[in-house]
Amino acid sequence: KSAPNDLSAFWMPFTANRQFKKTPRMFVSADGMFYKTGDGREVLDGTAGLWCCNAGHNQPKIVEAIRQQAGELDYAPAFQMGHPKAFELATRLCDMAPEPFEHAFFTNSGSESVETALKIALAYHRARGEGSRTRLIGRERGYHGVNFGGISVGGIVNNRRHFGTLLAGVDHLPATHLPEKNAFTRGQPEHGAELAEDLERIVALHGAETIAAVIVEPMAGSTGVLLPPKGYLERLREICTKHGILLIFDEVITGFGRLGSSFAAEHFGVMPDLITCAKGLTNGVIPMGAVLATAEIHDAFMQGPEHMIELFHGYTYSGNPIASAAGLATLETYREQGLFERAAELAPYWEEGLHSLRGLPHVIDIRNMGLIGAVELSPIAGAPTKRAFQAFLDCYEKGVLIRTTGDIIAMSPPLIIEKPHIDQLFGTLADVLKTLE
Ligand code: PMP
Numbered sequence: 006k007s008a009p010n011d012l013s014a015f016w017m018p019f020t021a022n023r024q025f026k027k028t029p030r031m032f033v034s035a036d037g038m039f040y041k042t043g044d045g046r047e048v049l050d051g052t053a054g055l056w057c058c059n060a061g062h063n064q065p066k067i068v069e070a071i072r073q074q075a076g077e078l079d080y081a082p083a084f085q086m087g088h089p090k091a092f093e094l095a096t097r098l099c100d101m102a103p104e105p106f107e108h109a110f111f112t113n114s115g116s117e118s119v120e121t122a123l124k125i126a127l128a129y130h131r132a133r134g135e136g137s138r139t140r141l142i143g144r145e146r147g148y149h150g151v152n153f154g155g156i157s158v159g160g161i162v163n164n165r166r167h168f169g170t171l172l173a174g175v176d177h178l179p180a181t182h183l184p185e186k187n188a189f190t191r192g193q194p195e196h197g198a199e200l201a202e203d204l205e206r207i208v209a210l211h212g213a214e215t216i217a218a219v220i221v222e223p224m225a226g227s228t229g230v231l232l233p234p235k236g237y238l239e240r241l242r243e244i245c246t247k248h249g250i251l252l253i254f255d256e257v258i259t260g261f262g263r264l265g266s267s268f269a270a271e272h273f274g275v276m277p278d279l280i281t282c283a284k285g286l287t288n289g290v291i292p293m294g295a296v297l298a299t300a301e302i303h304d305a306f307m308q309g310p311e312h313m314i315e316l317f318h319g320y321t322y323s324g325n326p327i328a329s330a331a332g333l334a335t336l337e338t339y340r341e342q343g344l345f346e347r348a349a350e351l352a353p354y355w356e357e358g359l360h361s362l363r364g365l366p367h368v369i370d371i372r373n374m375g376l377i378g379a380v381e382l383s384p385i386a387g388a389p390t391k392r393a394f395q396a397f398l399d400c401y402e403k404g405v406l407i408r409t410t411g412d413i414i415a416m417s418p419p420l421i422i423e424k425p426h427i428d429q430l431f432g433t434l435a436d437v438l439k440t441l442e
């Protein structure tokens, strides 16, 4: 049963991963800002689980809502039938989203939200008689989940090269990350906005009438906290509008307060045509995602019952009652506790603490925005990722959870974090960096 399998190449602790079994790191419970390990230690959650537990762990309102809903209505078919909480959640979600977003399509994860958004974009053009618009454009170092559409538009070659031809007709904009020009910049970098012009180059190459959508994370999270240079998103928006191309913001990480406002679209003042979200929608407690659409896109996509039959899309668990109840309680918790405002208020303290790590051994860049931050380390020659991974292990031993991607350490705490936790997080990381080889 414990025979090694091919999945051991992936970072998947739930498979028979021999490497993981040698050094098991198990969480058995969690409360507020802390996890508890199998051997009874407390670990400060510096990453909100996987960027999702924005309200911290074990929030009473969310726990109670799930309990109640499970006893009241456990499941309702998503087709032909509905239930009130899904509609209520869609309404609340659109209320907190920027103005033009009036409709929510529910999914069960970030990856599914991405697939759904790409399909909506293609169907939208087709419904308008522009069925030639089938090409999609992503960005290098973009991450859009692990399903076929998502890895096709995603900008991580390693995530797609094992899987054949994937989606045809995909181009990638260059990554905007220019460390040599922007190292240690606080907040949005000054340099790199001109890279948006590459979109014009791609449009000229294929013709605007062939391009359906551009998908980007407004701030790329899981590939290392890569902030958009000033003017970049604005320019992408202008070019897309000029050529009738839809702009999709993948807000799976940036949604729900991490940057200090409900969505990054609001934070940057740039409105896309579709927003994908997940993670913080239910505080990470129950799988759920959503795609937010403007009325125009929704109406073109949903052209009455006949069109819907032809254009089948939806999941068994779309708008699941228990997930919807968890989502409602989560949004209510964010509002009651003012967590998005709190993220904005704490951001300067977070920035100070993070940038105090400058000058420590191996630190070659620091990036921050809202309650998110990254520390990039110089790689060990011939052993990339090793140094950051060692930092992760050492921090864990000292009771702090960080996350690493390549040689980048990323931190994205629950928004309930307090100043002493911020001190603990950066203090521990500083101690670890000082002793790192
Ligand atoms: N898009 C973005 C921007 C993400 O960060 C992630 C997950 N880190 C996904 C999509 C995929 O989400 P999931 O893991 O829920 O499928």
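In the UniProt record's numbering, each residue's number is its place in the sequence shown (first place is 1) plus 5.
Heads up, the beta-carbon is just placed ideally off N, CA and C, and yes, glycines get one too.
The model shown is predicted, which means the values in this text are computed figures rather than measured ones.
Between the alpha carbons of residue i and residue j, how many angstroms are there, rounded?
i           : j       : result
Leu-127     : Asp-304 : 14 Å
Arg-191     : Glu-356 : 7 Å
Leu-171     : Glu-135 : 23 Å
Thr-440     : Ile-414 : 16 Å
Ala-435     : Lys-284 : 29 Å
Gly-150     : Gly-159 : 8 Å
Arg-144     : Leu-204 : 10 Å
Met-17      : Arg-133 : Reliability fails at Met-17, whose pLDDT of 49 lies under 50, so the model's placement of it is uncertain and the value that follows must be treated cautiously. Each residue's Cα considered, the two are about 43 Å apart.
residue 476 : Glu-346 : With the chain covering 6 to 442 only, the question about residue 476 has no answer from this structure.
Gln-64      : Leu-55  : 17 Å
Ala-35      : Ile-291 : 15 Å
Leu-286     : Tyr-339 : 10 Å
Lys-66      : Glu-341 : 11 Å
Ala-330     : Gly-115 : 19 Å
Pro-82      : Glu-117 : 18 Å
Ile-411     : Thr-390 : At residue 411 the sequence reads Gly, which differs from the Ile that was named. Gly-411 and Thr-390: Cα-Cα distance of roughly 4 Å.
Ser-7       : Met-31  : Reliability of the predicted coordinates at Ser-7 is poor, the pLDDT of 42 falling under 50, and no value is obtained from them.
Glu-199     : Gly-154 : 27 Å
Glu-243     : Phe-168 : 34 Å
Phe-84      : Phe-189 : 51 Å
Thr-433     : Leu-297 : 39 Å
Cys-282     : Glu-120 : 12 Å
Ile-226     : Ile-161 : In the sequence as presented, Ile is not what sits at residue 226; that position holds Gly. Cα-Cα distance, rounded: 13 Å.
Leu-123     : Ala-218 : 8 Å
Gln-395     : Ala-91  : 44 Å
Val-437     : Ala-393 : 10 Å
Glu-107     : Ile-142 : 25 Å
Ala-209     : Met-307 : 31 Å
Leu-398     : Glu-93  : 43 Å
Ile-422     : Met-38  : 7 Å
Gly-229     : Met-86  : 42 Å
Leu-344     : Gly-61  : 10 Å
Would you say residue i and residue j are within 8 Å of each other, going by their C-beta atoms?
i       : j       : result
Met-293 : Gly-332 : yes
Tyr-40  : Leu-406 : yes
Ala-328 : Ala-70  : no
Leu-238 : Arg-146 : no
Thr-299 : Asp-278 : yes
Lys-186 : His-177 : no
Tyr-320 : Asn-113 : yes
Ile-377 : Ser-417 : yes
Gly-324 : Phe-111 : yes
Tyr-129 : Ile-253 : no
Arg-46  : Gly-404 : yes
Leu-362 : Ile-371 : yes
Ala-75  : Ala-95  : no
Since residue i sits in a beta bridge, which residues does DSSP pair it with?
i       : result
Val-158 : DSSP, once it has assigned bridges, lists no residue as partnering Val-158.
Val-368 : Leu-382
Tyr-40  : Ala-35, Val-48
Arg-144 : Leu-178
Ala-225 : Leu-231
Cys-99  : None; Cys-99 has no bridge partner.
Asp-255 : Thr-281
Thr-112 : Gly-294
Ile-421 : In the DSSP output, where bridge partners are listed per residue, Ile-421 has none listed.
Return the Cβ separation of residue i and residue j in integer angstroms, given the expectation that the two are a contact with Cβ distance under 8 Å.
i           : j       : result
Asn-59      : Leu-359 : Their Cβ separation, rounded to whole angstroms, is 19 Å, which puts Asn-59 and Leu-359 out of contact at 8 Å.
residue 443 : Leu-78  : One cannot answer for residue 443 here, as it falls past the ends of the chain, which runs 6 to 442.
Pro-234     : Gln-193 : 7 Å
Ala-201     : Leu-241 : 5 Å
Pro-103     : Glu-214 : With 8 Å as the limit, Pro-103 and Glu-214 do not qualify as a contact, their Cβ atoms being about 29 Å apart.
Ile-216     : His-248 : 7 Å
| message | Considering only heavy atoms of ligand 1 and the C-beta of each residue, which residues fall inside 6 Å, strictly closer? | response | Ser-114, Gly-115, Ser-116, Val-119, Tyr-148, His-149, Gly-150, Glu-222, Gly-226, Ser-227, Asp-255, Val-257, Ile-258, Ala-283
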